[in-house]
Amino acid sequence: MANRIILHIDMNSYFASVEQQANPHLRGRPVGVCEHLGGIIIAPSVEAKRLGIKLGTPVWEAVKIFPQIALLHADPDKYRHVTKQFMTILEDYSDDVEQYSIDEAFLDITKYCVGDYNEALLLGLEIKQRLRLSVGEWVSCSIGIGPNKLIAKIAADLDGGAPSFLQREGKGEFLDRICVITPERIPLLYDKLKLTDVPGIGSRLERALNKLGIVSLRELAIYPLSNLLNQFGMWGYVLHSWANFNTTTSPFSPPHEEGMGEVLVPKSFGHAYTVPKVLTRLGDIKKLMFKLSEKVGRRMRKYGARGSVIHYFHSGPSFSLAPGGRGEGEGGYFSKQRKIREFINDGKDIFKVAWGIYCSDLFPSPSPGLGRVAEGRERSNESIKIMGVSVSGLKFSASGGDQDFLFEQYKRPRWLMEVMDQINNKYGEYTITRAGMYNAPQEWAKDTVGFGRMRII
Ligand SMILES: [Mg+2]
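Here it is as structure tokens:
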């Protein structure tokens, strides 16, 4: 990473501020945005937060705390509109803008400020000013600047107690912050940050770390990586990187804990997809299965995981029985897993096993050759609306290493997968794919919105 400068911008109390901007009567009052009155507060205003009303507080409890609270239904179109406005401003400063959630973005501003942190600070102030003018005075943001995404995000989150070495401009608690962390100052962060100040480390993970005798971020940074890997699987690697303030390729939070900001070791990797139009042709079924398998494999490799239990399921438009049984009418529900002796993470291998499971159901005997099945049969007896492929029985290694390639049939040139992954990382999913995915419709099994952060709605 050659001296990049990254700016992270995070809108403060976003939905509530946007509502207050739109309606002056709400300004200065505790406001709670919710999906419905029987639910939770999904966005408290700053004033509500001061009273102890948090994201996730049940509406009834918020009313108990402050009966005059202004409760509003979420208005996604309004928030999206404002997001578009501020993203347009950000695009003036970098070609490399990543919208991270509906109210957060990362910008690579290295070029714009010629690698100079003072310039970066001025740029941050300018962005704030432009936001005030175009979005409105009531919608404020926190800005963090640092040499990578993780540090920029930490900088934006640093609270009012930030020590003087951090250049900052504050106007009131948690509002309108800007904080710069230059590379020389990174070591000072160890004195400032608790374990849970690192995005992704929640209280549950903190407890698990405490049990290992790790109570500070500094201790985590020097804890032997191999011990972390033993304890947390591939997340040990991620934790090690975080504690050393390196951005990993991993997201800040893992797939299974949406919105929780916690790290857990995944038990399986899977993808499921609901097709817009029911699939009946074997060729289409095969293509979708291949695409799902490729997705699963790609994610496994990203996390250095291999697995030996492949699970396949599908259901038709009108299934009604419990898993394992056949539904009424066309379609049905089918779900089966197979344990193999090898640990795999190549999409093609995963597909082979999934296809085998599917075929054994379709043509129970004699055991079909994989190739022969598709030929000569235009229609399957199935009509498939939802399909899923997952892999469990996982093993992790930080390097995603080769040591388990014991069987030649599963051995595939690693460089080929790596090159494909690199190209897809750079140019977008499925820029390059194997022939089996050739002409699978674009919209099949597209990536959904990320996790562990405010969802893009
Ligand atoms: Mg925010």
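Going by this note's numbering, the first residue of the sequence shown is number 4, and it counts up by one from there. We put the beta carbon where it would ideally sit given N, CA and C, even for glycine.
Under a Cβ-count criterion, where at least 16 other Cβ atoms within 10 Å of its own Cβ denotes burial, should residue i be classed as buried or exposed?
| i | result |
| --- | --- |
| Met292 | buried |
| Ser206 | exposed |
| Pro79 | exposed |
| Thr86 | buried |
| Gly55 | exposed |
| Asn2 | Here the chain comprises residues numbered 4 to 460, so residue 2 is not present and cannot be evaluated. |
| Arg304 | buried |
| Trp63 | exposed |
| Gly1 | Outside the displayed span of the chain (4 to 460) sits residue 1, for which this structure offers no information. |
| Asp352 | buried |
| Asp106 | buried |
| Asn15 | buried |
| His314 | buried |
| Met90 | exposed |
| Thr277 | exposed |
| Ile157 | buried |
| Ile72 | buried |
| Asp349 | buried |
| Leu136 | exposed |
| His39 | exposed |
| Pro279 | exposed |
| Pro190 | exposed |
| Tyr17 | buried |
| Gly42 | exposed |
| Arg83 | exposed |
| Lys114 | exposed |
| Arg180 | buried |
| His28 | exposed |
Just curious, the alpha helix (DSSP H) that residue i is in, first and last residue?
| i | result |
| --- | --- |
| Val49 | Val49 to Arg53 |
| Ala224 | Leu220 to Ile225 |
| Ser97 | Here Ser97 belongs to no alpha helix (DSSP H), and DSSP marks it neither H nor E. |
| Gln340 | Careful: Gln340 lies outside any alpha helix (DSSP H), inside the beta strand (DSSP E) at Tyr336 to Ile347. |
| Asp364 | Gly350 to Leu365 |
| Lys67 | Val62 to Ile68 |
| Lys290 | Leu285 to Lys305 |
| Ala25 | Tyr17 to Ala25 |
| Leu232 | Leu228 to Phe235 |
| Glu187 | From DSSP, Glu187 is part of no alpha helix (DSSP H); its letter is neither H nor E. |
| Asn213 | Ser206 to Lys214 |
With respect to the beta strand (DSSP E) encompassing residue i, which residues constitute its N-terminal and C-terminal limits?
| i | result |
| --- | --- |
| Tyr115 | Per DSSP, Tyr115 belongs to no beta strand (DSSP E) and is neither H nor E. |
| Gly310 | Ala308 to Ser318 |
| Glu107 | Glu107 to Asp111 |
| Asp194 | Note, Asp194: premise wrong, no beta strand (DSSP E); alpha helix (DSSP H) at Leu192 to Lys195. |
| Ala73 | Ala73 to His76 |
| Leu10 | Ile9 to Met14 |
| Gly35 | Val34 to Cys37 |
| Ile181 | Ile181 to Val183 |
- If you scan the segment 125–168 from start to end, which runs of the beta strand (DSSP E) of 3 or more residues do you find wholly inside it? Those beta strand (DSSP E) runs which fall completely within the segment 125–168 and span 3+ residues are 144–149.
- Stretch pair the segment 91–98 + the segment 69–77: three plus CB contacts closer than 8 angstroms: Because the criterion of three Cβ pairs below 8 angstroms is not met, the segment 91–98 and the segment 69–77 do not touch.
- For the segment 120–138 against the segment 7–15, are there 3 or more C-beta pairs whose distance is under 8 angstroms? yes
- Query: For the segment 45–61 against the segment 17–35, are there 3 or more C-beta pairs whose distance is under 8 angstroms?
  - Reply: yes
- Is it a yes or a no for the segment 355–367 touching the segment 221–236, going by three-plus beta-carbon pairs under 8 angstroms? no
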